[in-house]
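Q: Each residue of the sequence shown is one higher than the last, beginning at 121 in our numbering.
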Amino acid sequence: MLDIFYVLIAATSAGLLSLVVAIILIQSSTWAQYLIKFGTPFAAGVLLAASFRDLLPHGFERQGSDVLNGTLVAILIFFLIEKGFRNFHHHHEEDLASNRNPAQGWLFLFGDAFHNIVDGLALGSAFLISPGTGLIATIALISHDIPLEVGEFGMQLRSGFTRKQTIVRNLLSSSTVLIGAIAAFGFGSQVELPLGYLYGGIAGFFIYIALSDIVPTIHSSENKRYGLQTAFLIVGLIFGIVVASFAHQYIETNHDHVDNHNNKENLHSQDEGHDAHQEEDEGHDAHQEEDEGKIGEKIFEGNPTDLRSNSI
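Okay, structure coming up:
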């Protein structure tokens, strides 16, 4: 019950926080461009750290080579999705500088909704593994979605949407994160999923986003060989590693402690029920012996001659 509460909090935070930041920063196109320019490489670092320092190592430890199979399948699936649906990812700084038509705005809105569903599925699946992994996935997705939302928010305004229309439509689009997360967690709680493919699938999703979409953008937009965007990618890596270490050291320990405490309470209640049942059985046996004694006494009182004849 507590885990689904974590999922609700994480999914709501991931959906709303990116939208709120987009609404605030879009007031200044300069700050929005800075966020897109430096926030996306930071997000790439967090995504790669979550994949290579958390999901894949823990997956290997628990499930072996199935993890790599899941990673390969996930990368192929997301490549095919993006190939057939080009607006699946789009968060470049030129979105805030070029004009588009209203049809383009709707395309990016639908693309954002679909992308949020996939984010929600990854988020809910991460919480199926553990609360610590869920926290890491939440931070990675928020880091990725904030600059993405800022770029798409500005683009939709320039496509002809009013500010109110953009806020309402993106709020509805953000709610699909919650839908995807609940669906994934609910389904995974009822059906035993192969954990190896779960670890690998989430890692493949993160790796694909970072290496196919964000890193090429850094190469094309950074003027210096090693500029600030590269530095922010490294900062994101360090941040992701620190968060992963914190999540598994503290959150998972507390979660395991709570589970062990609950298990002990259940065992204690079961033992008390067993003892009470045993005492009831003993009372029933004593009552039965007492009844048998009374029956013997009645037989003795009613047939004295039979006893005397047996003694002769």
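Even for Gly, the Cβ is constructed at its ideal location relative to N, Cα and C.
Are Leu504 and Ile338 touching if we call contact CB-CB under 8 Å?
A: Outside the modelled stretch of the chain, which goes from 121 to 432, sits residue 504, for which no answer is possible.
Q: Indicate the three-state DSSP secondary structure (helix, strand or coil) for His211 in the structure shown.
A: For His211, the pLDDT reaches just 46, beneath the cut-off of 50, and the residue's location in the model is therefore unreliable, leaving the point undetermined.
Q: On the three-state DSSP scale, how would you describe Asn382?
A: Its pLDDT being 47, under 50, Asn382 is placed unreliably by the model, and nothing is read from it.
Q: According to DSSP, simplified to helix, strand and coil, what is Pro314?
A: Three-state DSSP puts Pro314 in coil, outside helix and strand.
Q: Straight-line CA distance for Ala260 to Ala330?
A: Those two C-alpha atoms are separated by around 11 Å.
Q: In whole angstroms, give me the CA-to-CA distance for Leu387 and Leu176.
A: Residue confidence is low: Leu387 scores 45 on pLDDT, short of 50, so the model does not pin down where it sits. Its coordinate-derived value is still stated next. Between Leu387 and Leu176, the C-alpha separation is close to 35 Å.
Q: Taking all protein chains shown into account, do 16 or more other C-beta atoms lie within 10 angstroms of the C-beta of Gly165, making it buried, or fewer, making it exposed?
A: Answer is buried; the Cβ neighbour count reaches 16.
Q: Touching or not, the region 314-330 and the region 125-137, by the rule of three or more beta carbon pairs under 8 Å?
A: With a cut-off of 8 Å, the region 125-137 and the region 314-330 do not count as touching, because too few Cβ pairs lie within range.
Q: So, are the CB atoms of Phe228 and Gln276 less than 8 Å apart?
A: Yes, the Cβ-Cβ distance between Phe228 and Gln276 is below 8 Å.
Q: Let me check understanding here. Comparing Cα to Cα, which of Leu255, Asp239, Phe162 lies closest to Phe366?
A: Cα-wise, what sits closest to Phe366 is Leu255.
Q: Can you give me the C-alpha to C-alpha distance between Leu298 and Gly240, rounded to a whole angstrom?
A: Roughly 6 Å separates the two Cα atoms.
Q: Determine whether the beta carbon atoms of Ser293 and Asn236 lie at a separation below 8 Å.
A: Contact flag set, yes.
Q: Taking Cβ positions, are Gly274 and Ala130 nearer each other than 8 Å?
A: No, these two residues do not count as a Cβ contact at 8 Å.
Q: Please state whether the Cβ-Cβ distance between Ala163 and Ile334 is less than 8 Å.
A: Going by C-beta atoms, Ala163 is nearer than 8 Å to Ile334.
Q: For the alpha helix (DSSP H) containing Glu202, name the first residue and the last one.
A: Segment 186-204, the alpha helix (DSSP H) holding Glu202.
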